[in-house]
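Q:
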Amino acid sequence: MERLEEALKAWREVLGSEQVLVDAGTLEAVQTATFATAQRVPAVLRPGSREEVQACLRIAHELRVPVFPVSAGRNYGYGSRVPARTGSVVLDLGRMNRVLDWDEDLAYLTVEPGVTFAQAHAFLEEHGSHLQLATIGGPPQASLVGNALERGDGGGPHGDIFQHVCDLEVVLPTGELLRTGLGRYPGARSGVVLRWGPGPGLDGLFSQSNLGVVTRMTFWLAPRAAAVRIISAPLESAAQLPAVVDGLRVLRVEGTLREAYSLWNDYKMLSVLGQYPWEQAGGRTPLPESLRKSLLEEQGLGPWHLSFLLQAPSEEQAQAAWHRAEAVLRGAAPSLACYREEEVEPEALRRVPSARNLRMMYWRQRSPMPAQPDPDRDGCGFVWLSCAVPMKGAHVERALAIAEPLPLQFGFEPNLCLLGVGTRCAYLVVALVYDRRVEGEDARALDCYQALQEAMNGAGYYPARLGIQAPVLGATAEDDSARVLGALKAALDPHGILAPGRYLPSP
Ligand SMILES: Cc1cc2nc3c(=O)[nH]c(=O)nc-3n(C[C@H](O)[C@H](O)[C@H](O)COP(=O)(O)OP(=O)(O)OC[C@H]3O[C@@H](n4cnc5c(N)ncnc54)[C@H](O)[C@@H]3O)c2cc1C
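For the working numbering, count along the sequence shown from 1 and bump the result up by 45.
#1: Taking C-alpha atoms, which residue in Arg-528, Asn-502 and Ile-206 lies nearest to Phe-162?
#2: Just confirm the distance between the C-beta atoms of Gln-285 and Ala-378, as a whole number of angstroms; I'd bet it's less than 8 Å.
#3: Decide if Asn-460 is buried, meaning its Cβ has at least 16 other Cβ atoms within 10 Å, or exposed.
#4: Using beta carbons (cut-off 8 Å, strictly below), is Ala-535 in contact with chain B?
#5: Taking the beta strand (DSSP E) that Ile-542 belongs to, which residues open and close that run?
#6: Could you check where the alpha helix (DSSP H) with Asn-460 kicks off and where it finishes?
#7: Ser-551: beta carbon under 7 Å from a heavy atom of ligand 1?
#8: To which residues of the same chain is His-166 closer than 6 Å at the C-beta, ignoring the five residues directly before and after it?
#9: Got a sec? Which residues, its chain only, sit under 8 Å from Leu-176 by beta carbon, not counting five neighbours each side?
#10: Using the C-alpha atoms, what's the distance from Val-156 back to Glu-261?
#11: By the 10 Å Cβ neighbour count, where 16 or more other Cβ atoms means buried, how is Gly-328 classified, buried or exposed?
#12: May I ask you to check if the CB of Pro-184 is nearer than 7 Å to at least one heavy atom of ligand 1?
#13: If you run the structure through DSSP and keep just helix, strand and coil, what is Val-216?
#14: Helix, strand or coil for Met-436? Go by DSSP, reduced to three states.
#15: For the alpha helix (DSSP H) that Trp-367 lies in, which residues bound it at each end?
#16: Let me check you understand the geometry: is the CB of Arg-422 closer than 7 Å to at least one non-hydrogen atom of ligand 1?
#17: From the DSSP output, in three-state form, read off Gly-249 for me.
#18: If you measure from the CB of Ile-276, is any heavy atom of ligand 1 nearer than 7 Å?
#19: Taking the alpha-carbon positions, what's the Arg-85 to Ala-129 distance?
#20: For Gln-164 and Glu-523, I'd like the C-alpha separation in whole angstroms.
#21: Alpha carbon to alpha carbon, how far is Ala-78 from Asp-480?
#22: Which of the three DSSP states is assigned to Phe-353 in this structure?
#23: State yes or no: is the C-beta of Asp-311 within less than 8 Å of the C-beta of Pro-348?
#24: Since Pro-287 is in the alpha helix (DSSP H), which residue starts that stretch and which ends it?
#25: Nearest to Pro-243 by alpha carbon, out of Thr-225, Phe-251, Val-259 and Asn-255?
#26: Pick from Pro-508, Met-406, Ala-416 and Gln-186: whose alpha carbon is nearest that of Leu-430?
#27: Less than 8 Å separating the beta-carbons of Ser-125 and Arg-196?
#28: Please state if the CB of Tyr-121 and the CB of Met-436 are separated by a distance shorter than 8 Å.
#29: How big is the Cα-Cα spacing for Asn-402 and Ala-476?
#30: When DSSP labels each residue in this structure, what does Pro-176 get in the three-state scheme?
#31: Starting from Ile-275, follow the beta strand (DSSP E) in both directions and report where the run begins and ends.
#32: Alpha carbon to alpha carbon, how far is Arg-337 from Arg-404?
#33: Buried or exposed: Val-255, going by 16 or more other Cβ atoms within 10 Å of its Cβ?
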């Protein structure tokens, strides 16, 4: 406590009192996520520059006060901006929101951590750029940097976002500074266009980790294509799914399909199209089977829904890609009959994330999503579990045999999505959606999450990303990764002040 007071005094001297927040309203907000958390946050720091971040960390290091960095703090479903451990001061990087560099020819954008998806889109628009950002299906006010560091995913050819970044500027927990690529050399011209310099590549160390605070990152962008097709197809039966996945893998590996496909199940479709039919369900949850069937019929939905985009530099190439995709998918799943292929204007690639993306978080709420949604404030219960599944029909079937029945046992609809973000690996993303104001639901959701994660791990489908409630990466009998990562953590953060409990064990 004494050290905290001393640290607050030192931070106020560096940042000014107005950027060291301790008022009850702010603290209440940063302690609230979309699931139950008990962590207390003593203060929020709002540095405005890399130098201020360095000073903040030096103080934290010297006085042994833990800090937890967020870029925009919209990590909904994984913990929002609540620190993984109680007593951590939130280091909110939202004020550092400058676009630092942009080159239309070399197709990159360099930003500070507070730059949001909405802001980056607006920047490209204002500058008449013909480049596209990978667009997340999440909140427009989320940050490019926070998302990339979580190894987030988006639409567009660069949908596996962390694969398309470079030249990270990182402040270490001691306040030291490093650049991850060629950018470390004076006058280097290729730092923003080459991921590697001579020697070991360090980028990966700072994603899904607690080894440093990233204060600058370069994103490679894709040109907006001249010809675009949107393909969507409802599956008539879940039995078609494995064959469809096998066909999609062929298209992903050979490169016809240059970006992620989505397969959404019916519950997910219903949750984006409307809210829980409380009246028809007589107040019961989960959704009664007869009601599920009648809603699907009403809305013309199948049990699963496939959609993807084909982008090409010319009409002829788009046409050829479509013929190839159709032939492969029809070969894999001949009964997959009713595709809808739509030619769209390249304008469609200005896919600015919209607040409407948050609608599914309000599925179990009793009132509609407000004009200014804030799922933490609004009591939306929401937990994600994202698992890595090899892109083969048989694996998907095995993983779904766990992910479909388990949520129902806990009273939740199995809201599922299979995202073909990689070329060989898909993410099976489960959303547990509920109303936090209903007694007992918070505890049930976390029990369900844990049961799901254990069952998926047991089947060999480990998580691709972790929420703050998940245990840190643990040791296994035959592998020394946990020990090695622990040694790295101890070397870079000897007092364990940076984001304790987040991904890596503390010294
Ligand atoms: C309906 C819905 C749809 C979604 N769709 C998507 C989607 O399509 N793709 C996707 O990827 N996610 C999606 N999400 C999840 C999430 O909202 C996004 O990933 C979002 O981008 C994360 O929030 P943020 O950018 O504000 O990150 P932050 O909360 O700022 O950061 C996330 C984490 O990264 C670390 N971190 C952040 N900044 C730094 C830094 N500068 N240095 C070191 N560590 C740092 C911290 O551990 C932090 O907890 C969705 C969520 C919802 C509810």
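Even for Gly, the Cβ is constructed at its ideal location relative to N, Cα and C.
Nothing here was measured: the structure is a model prediction, and the numbers come from that model.
A: In brief:
#1: Looking up residue 162 in the sequence shown gives position 117. Taking only the C-alpha atoms, the option nearest Phe-162 is Ile-206.
#2: On the sequence shown, position 240 is the one that residue 285 refers to. On the sequence shown, position 333 is the one that residue 378 refers to. 5 Å between Cβ atoms; contact.
#3: To locate residue 460, count along the sequence shown from 1; it is residue 415. By the 10 Å Cβ count, Asn-460 comes out buried.
#4: You won't find chain B in this structure, because it holds only one protein chain.
#5: Mapped onto the sequence shown, residue 542 falls at position 497. From DSSP, Ile-542 is part of no beta strand (DSSP E); its letter is neither H nor E.
#6: Reading the sequence shown from its first residue, position 415 is the one you call residue 460. Taken as a continuous stretch (DSSP letters only), Asn-460 belongs to no alpha helix (DSSP H), being part of the beta strand (DSSP E) at 460-464.
#7: Against the sequence shown, residue 551 aligns to sequence position 506. Checking the Cβ of Ser-551 against ligand 1 gives no.
#8: Working through the sequence shown from its first residue, we reach residue 166 at position 121. Closer than 6 Å at Cβ, skipping near neighbours: Val-397.
#9: Sequence index remark: in the sequence shown, residue 176 carries index 131 (1-based). Glu-149, Ala-152, Leu-154, Leu-169, Leu-266, Ala-267, Pro-268 and Arg-269.
#10: On the sequence shown, position 216 is the one that residue 261 refers to. On the sequence shown, position 111 is the one that residue 156 refers to. Here residue 261 turns out to be Arg, not Glu, going by the sequence shown. So the alpha carbons of these two residues sit roughly 6 Å apart.
#11: Mapped onto the sequence shown, residue 328 falls at position 283. Label assigned to Gly-328: exposed.
#12: The sequence position of residue 184 within the sequence shown is 139, counting from 1. Pro-184 has its Cβ nearer than 7 Å to a heavy atom of ligand 1.
#13: Residue numbering aside, residue 216 sits at position 171 when the sequence shown is read from its first letter. In this structure, Val-216 counts as strand in the three-state DSSP scheme.
#14: As a working mapping, residue 436 is identified with position 391 in the sequence shown. Residue state, collapsed to three classes: coil.
#15: Taking the first residue of the sequence shown as 1, we reach residue 367 at position 322. Residues 360-377.
#16: For the purposes of this step, residue 422 is identified with residue 377 of the sequence shown, where counting begins at 1. Not so, every heavy atom of ligand 1 lies at least 7 Å from the Cβ.
#17: Counted from its first residue, the sequence shown places residue 249 at position 204. Here Gly-249 sits in helix by DSSP.
#18: Locating residue 276 in the sequence shown gives position 231, where the first residue counts as 1. False, no ligand heavy atom lies under 7 Å from that Cβ.
#19: Locating residue 85 in the sequence shown gives position 40, where the first residue counts as 1. Locating residue 129 in the sequence shown gives position 84, where the first residue counts as 1. Looking at the two C-alpha atoms, the distance is approximately 10 Å.
#20: Numbered from its first residue, the sequence shown carries residue 164 at position 119. Numbered from its first residue, the sequence shown carries residue 523 at position 478. Between Gln-164 and Glu-523, the C-alpha separation is close to 46 Å.
#21: By one-based count along the sequence shown, residue 78 stands at place 33. By one-based count along the sequence shown, residue 480 stands at place 435. The alpha-carbon atoms of Ala-78 and Asp-480 are separated by roughly 13 Å.
#22: Taking the sequence shown and counting its residues from 1, the one referred to as residue 353 is at position 308. Correct three-state label for Phe-353: strand.
#23: For the purposes of this step, residue 311 is taken as residue 266 along the sequence shown, with counting starting at 1. For the purposes of this step, residue 348 is taken as residue 303 along the sequence shown, with counting starting at 1. Contact: yes.
#24: On the sequence shown, position 242 is the one that residue 287 refers to. 286-299 is the extent of the alpha helix (DSSP H) around Pro-287.
#25: Taking the first residue of the sequence shown as position 1, residue 243 is located at position 198. Nearest option by C-alpha distance: Thr-225.
#26: Along the sequence shown, one-based indexing puts residue 430 at 385. Checked all of Pro-508, Met-406, Ala-416 and Gln-186; the closest Cα to Leu-430 is Pro-508.
#27: Against the sequence shown, residue 125 aligns to sequence position 80. Against the sequence shown, residue 196 aligns to sequence position 151. The answer is no: Cβ separation not under 8 Å.
#28: The residue given as residue 436 occupies position 391 in the sequence shown. The residue given as residue 121 occupies position 76 in the sequence shown. No, the Cβ-Cβ distance between Met-436 and Tyr-121 is not below 8 Å.
#29: Along the sequence shown, read from residue 1 onward, the residue named residue 402 stands at position 357. Along the sequence shown, read from residue 1 onward, the residue named residue 476 stands at position 431. Whole-angstrom Cα-Cα distance: 14 Å.
#30: Walking along the sequence shown from the start, residue 176 turns up at place 131. At residue 176 the sequence reads Leu, which differs from the Pro that was named. DSSP, read as helix, strand or coil, puts Leu-176 in strand.
#31: Start at 1 with the first residue of the sequence shown, and residue 275 comes out as number 230. Ile-275 -> beta strand (DSSP E) spans 272-280.
#32: As a first step, residue 337 is located in the sequence shown; it is residue number 292 there, counting from the start. As a first step, residue 404 is located in the sequence shown; it is residue number 359 there, counting from the start. Taking the straight line from one Cα to the other gives about 19 Å.
#33: Against the sequence shown, residue 255 aligns to sequence position 210. One point to set straight first is that residue 255 is Asn, not Val, in the sequence displayed. So Asn-255 counts as buried.
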